[in-house]
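Only one structure is covered here, and it is reproduced in the block below.
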Amino acid sequence: MTTILHSIHILYLFIASDFKTIIIPTTIFGLANSLAAQCYNLPPPVTPASTRAPQALTWTLLTLIPFAISNQLSPSAIAEDTLNKPWRPLPQNRLTRTQAKTTMLIFYALSQAHALLTRTGHRQSLAMIPLGTYYNHLGGADHHPLTRNLTNAAGYLCFTTGAMEVALGYPLPLTRLPPRLTAWLLLLAAVVSSTVHLQDLYDQNGDHLRARRTLPLVIGDSAARWAAALPMLLWGVACPVFWRVGPGLTIYNPACYLWEYVRIRLACTSCTVTTWHYVWKDGRHN
């Protein structure tokens, strides 16, 4: 039992920083949009209501864990995490790189087996393998802020549509999606690609050590905050308008978050900024 709990704790440390960025928003998106299936002219969910949340969460975790390990596996990633996130397993020497790689491969296999057995989320979990390889090992996250943000958006679409499939209980017709769902996913991609660099505010020291070209390091901290705050103002209006939400929410929410992001300036508060960003984004998407 002690060994099992220790292993679970190590897995948790690999993904601890992803709960607010991937796990919670993705699961909520899958559940909320499966309930809105008829708004997209899709058949109603076939997954029992009592199991939708656990199944969507399980798929998300199985898909995320190998990606997260891959992201933390290289020597440069370990050096960065030693500065930015020293509590992660590899900087703490809780396991070796070989053990981490073996764990990653096991979870890649588990995620594919789960997707094949449930017949949902398979294309998305499979797509995350080359996408993760490009992002983590071929410079997708390092060489240019634009490719970094766009790759993040592509990964986010994989996670959200995969969780939605699992919650629905059947595969989405990705080559012939209903127009409204297509528009919503494109809007989601635009939101992520134009604001995701806020998560880089907290990691600037480690990213600088790794010579990673994130937007805060390329254009400066203040400019990067404005480069997210202004799109948030736009998306804070566009998303409620898309869903025909009342005008009060359309005006009030973006104004509040614009003030919050521009007001907070110290590097030590960047984690707070990032957390509020994902609260905002989760609200916009659901």
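Residue 251 in the UniProt record's numbering sits at position 251 of the sequence shown, with consecutive numbering throughout.
Glycine is no exception: its CB is placed at the ideal position from the N, C-alpha and C atoms.
Considering only residues of the same chain and omitting the five flanking positions on each side of residue i, which have a CB-CB separation below 7 Å?
i	result
Thr82	Pro91
Leu150	Ser193
Asn33	Met164
Leu13	Trp87, Arg88, Pro89
Pro44	Ala37, Gln38
Could you tell me the alpha carbon to alpha carbon distance between residue i and residue j, rounded to whole angstroms?
i	j	result
Ala229	Ile4	43 Å
Asp146	Pro54	With the sequence shown as reference, residue 146 is identified as Leu, and Asp is not the correct amino acid for it. Whole-angstrom Cα-Cα distance: 34 Å.
Ala190	Asn152	11 Å
Ser50	His208	46 Å
Trp59	Ala238	30 Å
Leu61	Leu11	10 Å
Thr175	Arg123	12 Å
Arg284	Phe67	In this prediction, Arg284 scores a pLDDT of 49, lower than 50, which makes its location untrustworthy; the coordinate-derived value is nonetheless stated afterwards. The alpha-carbon atoms of Arg284 and Phe67 are separated by roughly 25 Å.
Asn71	Ile78	9 Å
Ala223	His6	42 Å
Arg265	Leu234	Because the pLDDT at Arg265 is just 47, under 50, the model does not fix this residue reliably, and the value given afterwards should be weighed accordingly. Cα to Cα, the separation comes out at about 22 Å.
Leu201	Ile15	19 Å
Thr269	Asp203	Here Thr269 scores only 44 on pLDDT, less than 50, and its place in the model should not be relied on; the value that follows carries that caveat. Computed Cα separation, rounded: 12 Å.
By Cβ distance, which residues of its chain are closer than 8 Å to residue i, with the 5 residues on each side in sequence left out?
i	result
Phe242	Ala183, Trp184, Leu187
Thr47	Ser34, Gln55, Val166, Ala167, Leu168, Gly169
Taking Cβ positions, are residue i and residue j nearer each other than 7 Å?
i	j	result
Val192	Tyr156	yes
Pro240	Thr195	no
Gly120	Thr26	Checking the sequence, you will find Thr at residue 120 rather than Gly. No, they are not a contact pair.
Ser125	Ala115	yes
Arg180	Tyr40	yes
Glu80	Arg210	yes
Leu129	Met104	Leu is not the amino acid found at residue 129; the sequence shown has Ile there. Going by C-beta atoms, Ile129 is not nearer than 7 Å to Met104.
Round the Cβ separation of residue i and residue j to the nearest angstrom and send it over; I've been treating them as touching at under 8 Å.
i	j	result
His197	Pro178	Rounded, the Cβ-Cβ distance is 31 Å, inconsistent with contact.
residue 287	Leu64	No information on residue 287 is available, as it lies outside the stretch 1 to 286 that the chain covers here.
Cys158	Ala127	5 Å
For residue i, which residues of its own chain have a beta-carbon under 6 Å away from its beta-carbon, when the five flanking residues on both sides are left out?
i	result
Leu148	Checking the displayed sequence, the identity of residue 148 turns out to be Arg instead of Leu. Cβ within range, chain order: Ala141.
Ser111	Leu62, Thr63, Ser125
What are the start and end residues of each continuous alpha helix (DSSP H) run of 4 or more residues lying completely inside the segment 46-79, in chain order? 49-71
Quick one: complete alpha helix (DSSP H) runs, 4+ long, within the segment 85-147? 97-118, 122-137
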